[in-house]
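Down below is the structure, laid out as structure tokens.
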Amino acid sequence: MSETLARPTTERRWRTFADVVAFTLGINVWVSIIILPAIFVGALNATSQIAGACLPFAVLLLGLARRSEAILLGLFPAALLVPIALAPAMASSHVYGPIRFTLVAIGVVAYLFGVAFFTTFHEPPKPRSIRPLSSAHADPAERWQRRERVYWMLFAMSLVVPTTLIAWVNFDTSIAAYLGEMYPGRVALMTTALTVGAIALWLGIYLYAFLGVLRPHRTGDRDLVVTLAQARADAKSGKPRARFYLAVALALAAMAMLVLLRHAKG
Amino acid sequence: MRRYFFEILAVALIGGSLFFFKETLDYLARRDYVAALLVMVIGIAVISVGKELARLALVQRD
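Top to bottom, those sequences are chains D and F. Read in order, the letters of the first sequence are residues 768 to 1033 in this note's numbering. Read in order, the letters of the second sequence are residues 2 to 63 in this note's numbering.
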């Protein structure tokens, strides 16, 4: 009886904790990305700007009320871009110095990590008894260690790549000088457009390259194992495949064509 | 011995293909688009040959 009562209590405690974490970190992101820059550049004068600034907050509350990961992890970050689109100067590099950019980046990563982790992770109820298996003393199998290494690498890349891309776009003086030369008076707007481009590029890389790596893992490596076995069987013959000869022929043909072109021009 | 030969050749070919890609950029900067395309094809072909040799080196290791 006490166990059946304890389970919902634990569950409720976890949910409340996840809500508090998401709310606190979400408010931090909203204030640091929208409110403070908007006050700094004076972008809270018109009603549309105030409504735009309040939109992410409303989305955050909606996500918390529905406990929806799609809203908290997808719609809320997207809603943050609406007020920035209304006043692109909010995202310009003179608002974000390198130190402030680092702090905001840490805040965004903490929010995404906190919401992704705490909304799905639940403390399991205490087991009635524990019987250790003999395999528990052995190290994890090589394939599991390899898989863990891949996950850690993906985690590190998920932090490093977007942060580097956005920092490069915003703080590289040569890019700012080039934009100033090409688009005088619209540097903030173009920098913001480049930042959005960097985010879109990162999402594309993540979708096709990173999730591409994770997909075979999700299906239990079966497809990957079959492909590897096939590749190993092909390789056992010790001869290059047809594409080797094709590539050599293609390189020779392209070189010959280049020489002919040079001859024709000369 | 064969394995090291294949490995060195693979590294040389994959590294050497970068030269062709650099040449592609130079041709593009000079607005010679046909030559840029041809050199890029050479670069891709060379990197493919390097990849095949790397595969063979891997088999030798087993």
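C-beta: ideal position from N, C-alpha, C; glycine also.
By the C-beta density criterion, PRO951 of chain D is exposed, having fewer than 16 other C-beta atoms within 10 angstroms.
From the beta-carbon of ALA46 of chain F, the residues of chain D found nearer than 8 Å are ALA1014, VAL1015, LEU1017, ALA1018, ALA1021. Contact between ILE801 of chain D and PRO850 of chain D holds: their C-beta atoms lie close to 5 Å from each other, under 8 Å. For ALA846 of chain D, the closest C-alpha among the options D:VAL963, D:ALA820, D:LYS1003, D:ARG898 is that of D:ALA820.
Each residue's CA atom was taken as its position, placing PRO865 of chain D and LEU39 of chain F some 43 Å apart.
The beta carbon of VAL60 of chain F sits closer than 7 Å to none of the beta carbons in its chain outside the five residues before and after it.
What LEU1028 of chain D touches in chain F, judged by beta-carbon distance under 8 Å, is VAL35, ALA36, LEU39, going in chain order.
Counted as a single uninterrupted DSSP element, the alpha helix (DSSP H) harbouring ILE45 of chain F occupies residues 34-62. With a threshold of 16 other beta carbon atoms within 10 Å, THR959 of chain D meets it and is buried. It is roughly 15 Å from the alpha-carbon of VAL993 of chain D to the alpha-carbon of LYS1003 of chain D. In this structure, the beta-carbon distance from PHE885 of chain D to PHE784 of chain D falls below 8 Å. Three or more Cβ pairs closer than 8 Å define a contact, and the segment 24-39 of chain F falls short of that threshold against the segment 47-57 of chain F. Identification of chain F residues near PRO1007 of chain D by a Cβ-Cβ cut-off of 9 Å yields VAL50, GLU53, LEU54, ARG56, LEU57, ordered along the chain. Exposed is the label assigned to TYR975 of chain D, since fewer than 16 other Cβ atoms lie within 10 Å of its Cβ.
For LEU1025 of chain D, the neighbours in chain F by C-beta distance under 8 Å run, in chain order, ALA36, LEU39, VAL40, ILE43. Using a 10 angstroms sphere on the CB of SER859 of chain D, the tally of other CB atoms reaches 16 or more, which defines it as buried. Residue contact with chain F for LYS893 of chain D: absent (no Cβ-Cβ distance below 8 Å to any residue of chain F).
Shown here, HIS861 of chain D sits in coil according to DSSP, grouped into three states, outside any helix or strand.
Neighbourhood of ARG910 of chain D in chain F, by CB distance below 8 Å: empty, with the nearest CB roughly 17 Å away. Contact between the segment 930-940 of chain D and the segment 867-880 of chain D is established, with three or more Cβ pairs separated by less than 8 Å.
Using a Cβ-Cβ distance cut-off of 8 Å, the segment 789-797 of chain D and the segment 823-834 of chain D are in contact, since at least three pairs of beta carbons, one from each stretch, lie closer than that value. Cβ-Cβ separation between LEU840 of chain D and ALA883 of chain D: approximately 6 Å, consistent with a contact (criterion under 8 Å).
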